[in-house]
Amino acid sequence: MRTFSAQEAAERLGVSVTTIYAYVSRGLIRSEWSDADTREKRYVAEDIEKLRKQREGRRDSRKAAAHGTAPLPGSIETKITNVEPGKIRLRGHDVLTLAKNRSIGEVAALVWLGDFKASEQLFRSRVRAPEAYRSSPSRFAGLSPIERFQTVLALASDDDASSWDLRAVPAARTGSAILQMLTEAIAGKCFEASTGIADAIRSAWAPQQKRATELIRAAIILGAAEPSDHATLAARTVAAAGATPYAAVSGALSAFRGIRCGGAIGRIDALLAEIARPADAGAALRARLERGEAIPGFGDPVHPAGDPRAALLLEMIDGAAKGSKEHARSKKLIDAAEGLLGEKPTLELAIMALARAMHFPADAPIALSALGRTIGWIGHAIEEYESQQVAPPPFRYSGS
-5 MRTFSAQEAA ERLGVSVTTI YAYVSRGLIR SEWSDADTRE KRYVAEDIEK LRKQREGRRD
55 SRKAAAHGTA PLPGSIETKI TNVEPGKIRL RGHDVLTLAK NRSIGEVAAL VWLGDFKASE
115 QLFRSRVRAP EAYRSSPSRF AGLSPIERFQ TVLALASDDD ASSWDLRAVP AARTGSAILQ
175 MLTEAIAGKC FEASTGIADA IRSAWAPQQK RATELIRAAI ILGAAEPSDH ATLAARTVAA
235 AGATPYAAVS GALSAFRGIR CGGAIGRIDA LLAEIARPAD AGAALRARLE RGEAIPGFGD
295 PVHPAGDPRA ALLLEMIDGA AKGSKEHARS KKLIDAAEGL LGEKPTLELA IMALARAMHF
355 PADAPIALSA LGRTIGWIGH AIEEYESQQV APPPFRYSGS
């Protein structure tokens, strides 16, 4: 099978090497290890040629489109997330520094309006989940976190006429309401003005473990800096249609439930469930490889040396969960995978390790991931309201 190096693929498509990594992460280009001792990743020429032809075809179609452009994934201009190998920034700020030094509200204000101080106004008053949701807790008890979130969003949007004001500041106020209501859906109760989002969740999940607050805060902030994927594109597409932030987040959550987005969390959970003891980690991975099965939670084509967000969160867990048998199991899995695959853990695996080390509920990883992603989705919706970049590409009939 003919392959290209990352640089050759980038030159062939006229894009950066980072964009090639992004295409791989979205399944647009297949990659494989070189047979050489360098263990260099190579990229399938057939996929690159197919993508090049698609780009040329879309370029021609765009000239005739009546409503703007229809860019390929990765080519939408954004001022929110800047991803480079080993480094991620939110509006120019290193996300690791934000996770260590800023509150969730401050980071949300930065993402939505580019101003930390805006959090004082955005989160000044508490917003409750809809009465229809709060009055019947047993009715929604069996729902997954994503289903609870979408239920809250659907009920709240009916009562919030102001959410149709799509200017940046009003949309950010709607974003604040969304973030607070989804937090209540996780915590099971409203939190006081003096209590932050992370501490409200910690008090519901691990009331005796106060150190868990900083870990929850970091996980949510790190998740807000997720590079673009199907869920982010869904949020922008719904926003481009002129729908409210409630609808944009709900649409993104629907995509996030897909096997190519948040579905990775469930696969990582299943992998950890196969490891009864830390010593079993290597055997479990070898068995998967022998069966030809994927090992989820490792290797990020955008960050060949490892996702820095995962490294930070795992380091924080190490300091807070000394002696935890669950964390020992996660660490053994990470060591075994690095030895067998030569790949580092993803943020999803780090969040799963956090939930297990702190004995959070089983559905905590998907809830934390979705809450962090919600901050980013709202930011992209606000940016789309202003820039109006996303437009449906012209469809070309290819049937008989």
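Count the sequence shown with the working numbering and you get residues -5 to 394, in order.
Where a beta carbon is used, it is the ideal one built from N, C-alpha and C, also for glycine.
As the structure is a prediction and not an experimental result, all values here were calculated from the model.
The alpha helix (DSSP H) enclosing residue i, as first and last residue numbers
{"i": "R196", "result": "I191 to W199"}
{"i": "K326", "result": "K319 to L335"}
{"i": "K94", "result": "V89 to N95"}
{"i": "R167", "result": "A162 to A181"}
{"i": "E309", "result": "P302 to A314"}
{"i": "T226", "result": "H224 to A234"}
{"i": "T368", "result": "A358 to S381"}
{"i": "S244", "result": "P239 to F250"}
{"i": "E114", "result": "S113 to L116"}
Buried/exposed call for residue i, threshold 16 Cβ in 10 Å
{"i": "G136", "result": "exposed"}
{"i": "A351", "result": "buried"}
{"i": "R(-4)", "result": "exposed"}
{"i": "K338", "result": "buried"}
{"i": "D301", "result": "buried"}
{"i": "V163", "result": "exposed"}
{"i": "D41", "result": "buried"}
{"i": "G99", "result": "buried"}
{"i": "R205", "result": "exposed"}
{"i": "L362", "result": "buried"}
{"i": "W27", "result": "exposed"}
{"i": "A273", "result": "exposed"}
{"i": "G80", "result": "exposed"}
Check whether residue i and residue j have beta carbons under 7 Å apart
{"i": "A314", "j": "L341", "result": "no"}
{"i": "A0", "j": "I14", "result": "yes"}
{"i": "P239", "j": "V77", "result": "no"}
{"i": "A275", "j": "K316", "result": "no"}
{"i": "P295", "j": "L265", "result": "no"}
{"i": "L334", "j": "I215", "result": "no"}
{"i": "V9", "j": "R230", "result": "no"}
{"i": "A278", "j": "E268", "result": "yes"}
{"i": "L306", "j": "L90", "result": "yes"}
{"i": "I400", "j": "G256", "result": "Because the chain is modelled from -5 through 394, residue 400 falls outside the range shown and cannot be assessed."}
{"i": "D357", "j": "P201", "result": "no"}
{"i": "L343", "j": "I253", "result": "no"}
{"i": "A194", "j": "A228", "result": "no"}
{"i": "Y37", "j": "S25", "result": "yes"}
{"i": "A225", "j": "V232", "result": "no"}
{"i": "S318", "j": "A347", "result": "no"}
{"i": "A192", "j": "L116", "result": "no"}
6 Å CB neighbourhood of residue i in its chain, flanking five on each side removed
{"i": "I369", "result": "A102, V105 and A218"}
{"i": "T168", "result": "S157 and P239"}
{"i": "E178", "result": "A123 and C184"}
{"i": "A288", "result": "none"}
{"i": "L308", "result": "A344"}
{"i": "R390", "result": "none"}
{"i": "A181", "result": "A194, I195 and A198"}
{"i": "P65", "result": "Caution applies to P65, whose pLDDT of 46 falls short of 50 and renders its modelled position unreliable; the value that the coordinates give is listed next. For P65, where only same-chain residues beyond five positions count, there are no Cβ hits under 6 Å."}
First through last residue of the beta strand (DSSP E) which encompasses residue i
{"i": "L84", "result": "K81 to L84"}
{"i": "Y37", "result": "K35 to V38"}
{"i": "V77", "result": "T75 to E78"}
Other residues of its chain near residue i: CB distance less than 7 Å, five sequence neighbours each side excluded
{"i": "Q144", "result": "S244 and L247"}
{"i": "L149", "result": "P124, A126 and Y127"}
{"i": "V455", "result": "Residue 455 is absent from the model: the chain starts at -5 and stops at 394."}
{"i": "Y379", "result": "L160, A165 and A233"}
Beta-carbon proximity list for residue i, same chain, < 8 Å, skipping 5 on both sides
{"i": "G293", "result": "L335, E337, K338 and T340"}
{"i": "E5", "result": "none"}
{"i": "T189", "result": "S197"}
**OP:** Report yes or no: do three or more beta-carbon pairs, one from the segment 147 to 158 and one from the segment 372 to 379, lie closer than 8 Å?
**Re:** no
Original post:
Taking contact to mean at least 3 C-beta pairs separated by less than 8 Å, is the segment 112 to 131 in contact with the segment 204 to 219?
Top reply: no
**OP:** Spell out a yes or no on whether the segment 168 to 179 and the segment 269 to 288 are touching, meaning 3 or more CB-CB pairs, one atom from each, closer than 8 Å.
**Re:** no
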